[in-house]
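Asks:
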Amino acid sequence: MNVASITAPVRDWASEAIGAWDRFWFTPRRPTTLCALRIATGLMLLYTHVVLASDLLSFLGPNAWIDNEVSRQLHSGAFGGAGDWGQSYLWYISSPAALWTHQIVTILVTLAFAAGFLTRISAPAAWFLQLMYLHRLTGALFGLDQIVTYAVMYLMIAPCGSRFSVDAWLRDHFHDRFGDRRWFHWLLPSPAPSVAANVATRLFQLHLCVMYLFGGLAKARGQMWWDGTAMWFAVGNYEYQSLDLTWIASYPRLFSILTHVTLFWEIFYCALVWPRLTRPVILAMAVAVHGGIALFLGMITFGTMMIIANMIFLKPEWLERWLGRGGDEPQRVEHAAAS
Amino acid sequence: MTAEPTTRSKTLKRRPVAARSTSSDGSADQRASSSSQTRASDSPELDSPELNERRPRFRRLVRLGLSVLIVGHLLAVFLPPLAFQTRGPLGSSPSVETLLAPLRGYGQFLYIDRGYAFFAPDPGPSHLIGVAISDGSGEPREHMFPDLERQWPRLLYHRHFMLSEFLHEIHQPPGPPPELEEASPEEAEAWARARARFRRVHDSMVEHLEYKHPGKQVAIRRIEHAIPNFLEYMEDPIPLDDPRLYNVLLDRPRRPEGPPGDELPGGPPTDELPTDGLPGGPPEMLRLREEVAAP
Chain A
13 MNVASITAPV RDWASEAIGA WDRFWFTPRR PTTLCALRIA TGLMLLYTHV VLASDLLSFL
73 GPNAWIDNEV SRQLHSGAFG GAGDWGQSYL WYISSPAALW THQIVTILVT LAFAAGFLTR
133 ISAPAAWFLQ LMYLHRLTGA LFGLDQIVTY AVMYLMIAPC GSRFSVDAWL RDHFHDRFGD
193 RRWFHWLLPS PAPSVAANVA TRLFQLHLCV MYLFGGLAKA RGQMWWDGTA MWFAVGNYEY
253 QSLDLTWIAS YPRLFSILTH VTLFWEIFYC ALVWPRLTRP VILAMAVAVH GGIALFLGMI
313 TFGTMMIIAN MIFLKPEWLE RWLGRGGDEP QRVEHAAAS
Chain B
198 MTAEPTTRSK TLKRRPVAAR STSSDGSADQ RASSSSQTRA SDSPELDSPE LNERRPRFRR
258 LVRLGLSVLI VGHLLAVFLP PLAFQTRGPL GSSPSVETLL APLRGYGQFL YIDRGYAFFA
318 PDPGPSHLIG VAISDGSGEP REHMFPDLER QWPRLLYHRH FMLSEFLHEI HQPPGPPPEL
378 EEASPEEAEA WARARARFRR VHDSMVEHLE YKHPGKQVAI RRIEHAIPNF LEYMEDPIPL
438 DDPRLYNVLL DRPRRPEGPP GDELPGGPPT DELPTDGLPG GPPEMLRLRE EVAAP
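Respectively, the protein sequence lines represent chains A and B.
Quick note: the first sequence uses the numbering used here, first residue 13, plus one each step.
Quick note: the second sequence uses the numbering used here, first residue 198, plus one each step.
The structure is reproduced here in structure tokens:
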């Protein structure tokens, strides 16, 4: 035995690992799925801002449920610990006129993002404005706010305005005039495969995996998700109930099966969503679980947004075939482990 | 076409795929691509061995830099929920806290420092806020929120629901008790800060309601809406909004290690509704079964 016989396999393994990493992250991907997600995410974000506007001064300003000063103190360390980085300039805006102006601007920016207008600018702007609202609205937030913010965050990395968008129309319309300008290609990118689209896709996919993994592990620390009664206590919660499912109390085997399936689906999502064989099953279960949350637990927005988020696992080429557009010749760059 | 090489053409040469223009329906338009390729073939210096050697190294450096950023971001995504789960009676896991420390601010700003513990560890009862509004001349008007009849659409209702849950989540009984101050000043200070946080949020909510109802007296209290277990429900399928399921959670001092319900003697509740001049006794809401929440 010599040193080379030990180091060679290690070197080979490292080389393969780096190659796999490069293929997973840096293979150009078409942005079609991201462009479709942009529309859905943008519309959901727009809806949240419009609903907030229906009772704006109850949530922002000096007379809100949690007023500006208290909201700021919740992040400043005034009640113990160090201050956090969840800062918002909205703490310092008290004038109703200014708050309304800000709200209208936010709605317009979000509308531009959803429509794919100047997306290179409107996407990061929509994301930043959303963060300012999140840090201000401490106490009034829930899962919807998390997932819609993450979706915008990852979409803004990619050329998500390159298709199904106003930008795509502008690109086609003005290409002859400005097509040789660098700024034109940056501002109105083409839907050609790009590393940015792939990185955004992978980050969002992995973030979803983390959410489900820890959602499942957190449930596994409880009692009800093991004894099967969690589903009953979810449907039996009056404040969540939108459609009455209390008849399920008469079918303990049914609600216990639903409980256990939900638990194991969440925990193993991060492993089973990747293989081609199990991905359709996992995504179908996502539609079922989140559809149930939307229909029966009153969280229509959250359930819908989670279904939308799961579509990040749809291949762009599949979406293009479904839309009936072949587009460019397919970029056959997928590898078995990285579909 | 034999255009002179320009900076623009160099850029297009390096990213021939991105330079392709496509129409809005996704079909390929080879114009830009073919022109860039033509320009490149007429520019031998763009294909020099030196340039070709620099490109792979540049791409490797870019990939390496991006990889570092990707790993950092993924750690910022992964570590906060891990820290949430690894929190115990003595605090968080030291190794997780060490890993999370440099990324904590980044995660806080991006709002990715979440635990994702939806309906976990167990689905529990809801917590509402009971509101009593009095003008001093008659019975206070009472209502609870969230309330689907007052808050529509559903998203707005849910925002109010989250506010009531938040108030319950941050509740800290009055205190700290004197024996805790003697035994552990640090814990006593933490208790006092937590209590201050609850009071500030509570008072902010009262002030909001007073703003909405000028000239009126307002009081709020926490209410827990219990859920019957399925055996109880099968025996007696009461409506889920049956008054027997609502418990008022009093804001009373309790012993530091005691379970909820282990209250110190004396110490009036701090959330009594104003009763001056009210005929007929305490409002209906106060007649609801009063219990301190079970853990």
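All C-beta atoms in this analysis are idealised placements derived from N, C-alpha and C, irrespective of residue type, glycine included.
Could you tell me whether the Cβ of Asp319 of chain B comes closer than 9 angstroms to any Cβ of chain A?
Replies: Chain A, which has a Cβ nearer than 9 angstroms to the Cβ of Asp319 of chain B, makes this yes.
Asks: Closer than 6 angstroms by C-beta to Leu130 of chain A: which residues in its own chain qualify, once you throw out the five before and the five after it? Chain order, please.
Replies: The answer is none, since no qualifying residue turns up.
Asks: Measure how close the beta-carbons of Gly98 of chain A and His147 of chain A come, nearest whole angstrom, since I'm counting them as under 8 angstroms.
Replies: 4 angstroms
Asks: Taking Cβ to Cβ, would you say Leu274 of chain A is nearer than 9 angstroms to Ala242 of chain A?
Replies: In the sequence as presented, Leu is not what sits at residue 274 of chain A; that position holds Thr. For Thr274 of chain A and Ala242 of chain A, yes; Cβs fall inside 9 angstroms.
Asks: What is the residue span of the beta strand (DSSP E) that Ser331 of chain B lies within?
Replies: Ser323 to Ser331
Asks: List the residues of chain A whose Cβ lies closer than 7 angstroms to the Cβ of Gln305 of chain B, in chain order.
Replies: Asp96, Trp97 and Gly98
Asks: Cα-Cα, which of A:Leu68, A:Leu57 and A:Trp25 is closest to His405 of chain B?
Replies: The option with the nearest alpha carbon to His405 of chain B is A:Leu68.
Asks: With 16 other CB atoms within 10 Å as the buried threshold, where does Thr60 of chain A fall?
Replies: So Thr60 of chain A counts as buried.
Asks: Please name the residue, chosen from B:Val293, B:Leu276 and B:Ser323, that lies closest to Tyr313 of chain B on a Cα-to-Cα basis.
Replies: B:Leu276
Asks: When you compare the CB positions of Leu244 of chain A and Phe427 of chain B, do they come within less than 9 angstroms of one another, or not?
Replies: A small correction: the amino acid at residue 244 of chain A is Trp; Leu does not occupy that position in the sequence shown. Contact flag set, yes.
Asks: With H, G and I counted as helix, E and B as strand and the rest as coil, what does DSSP make of His503 of chain B?
Replies: Since the displayed chain B opens at 198 and closes at 492, residue 503 of chain B lies outside it and no answer follows.
Asks: Hey, out of B:Ala385, B:Ala280, B:Tyr308 and B:Val403, whose CA is closest to Phe140 of chain A's CA?
Replies: Of B:Ala385, B:Ala280, B:Tyr308 and B:Val403, the residue nearest in Cα terms is B:Tyr308.
Asks: Can you tell me which of A:Leu229, A:Gly93, A:Leu102 and A:Val121 puts its alpha carbon nearest to the alpha carbon of Trp277 of chain A?
Replies: A:Leu229
Asks: Looking at chain B, which residues of the segment 14-46 of chain A have a Cβ within less than 8 angstroms of any of its Cβ atoms?
Replies: Trp33, Asp34, Trp37, Phe38, Pro40 and Thr44
Asks: Please confirm whether Ile169 of chain A and Leu111 of chain A have their CB atoms less than 9 angstroms apart.
Replies: no
Asks: Roughly how many whole angstroms lie between the Cα atoms of Asn210 of chain A and Arg41 of chain A?
Replies: 5 angstroms
Asks: Which residues, in chain order, does the segment 354-387 of chain B contribute to contact with chain A at a C-beta distance below 7 angstroms?
Replies: His355, Arg356, Phe358, Met359, Leu360, Phe363 and Ala387
Asks: So the beta strand (DSSP E) Tyr443 of chain B belongs to, where does it begin and stop?
Replies: Tyr443 to Leu446
Asks: How many angstroms separate the CA atom of Pro205 of chain A from the CA atom of Gln253 of chain A?
Replies: 44 angstroms
Asks: Kindly indicate which three-state DSSP category Arg451 of chain B falls into: helix, strand or coil?
Replies: Collapsing the DSSP output to three states places Arg451 of chain B in a strand.
Asks: Given that Phe71 of chain A touches chain B, what residues does it touch there, using C-beta distances under 8 angstroms?
Replies: Arg356
Asks: Mapping DSSP to helix, strand and coil, what is Val285 of chain A?
Replies: coil
Asks: Indicate whether the contact test is met: 3 or more Cβ pairs, each with one atom in the segment 74-85 of chain A and one in the segment 384-401 of chain B, closer than 8 angstroms.
Replies: yes
Asks: Ala29 of chain A: buried (16+ other C-beta within 10 angstroms of its C-beta) or exposed?
Replies: exposed
Asks: What residues from chain A crowd round Pro350 of chain B, counting only those whose CB sits closer than 7 angstroms?
Replies: Val63
Asks: Does the distance from the CB of Ala163 of chain A to the CB of Leu49 of chain A come in under 9 angstroms?
Replies: yes
Asks: Please list, in chain order, the chain A residues whose beta carbon lies closer than 8 angstroms to that of His270 of chain B.
Replies: Leu215
Asks: Closer than 8 angstroms is the cut-off here; do at least three beta carbon pairs connect the segment 274-293 of chain B with the segment 141-161 of chain A?
Replies: no
Asks: Look up Ala237 of chain B in the DSSP assignment and say whether it is helix, strand or coil.
Replies: Note on Ala237 of chain B: pLDDT 39, under 50, position unreliable in the model; the coordinate value appears next. Of the three classes helix, strand and coil, the one that applies to Ala237 of chain B here is helix, per DSSP.
Asks: Which residue marks the beginning of the beta strand (DSSP E) containing Arg189 of chain A, and which one marks its end?
Replies: Per DSSP, Arg189 of chain A belongs to no beta strand (DSSP E); it is in the alpha helix (DSSP H), Val178 to Phe190.
Asks: Straight-line CA distance for Val15 of chain A to Ser27 of chain A?
Replies: 18 angstroms
Asks: Give every residue of the same chain whose Cβ lies closer than 7 angstroms to the Cβ of Leu167 of chain A, excluding the five residues on either side of it in the sequence, and list them in chain order.
Replies: Leu46, Leu49, Arg50, Thr53, Ala135 and Ala212
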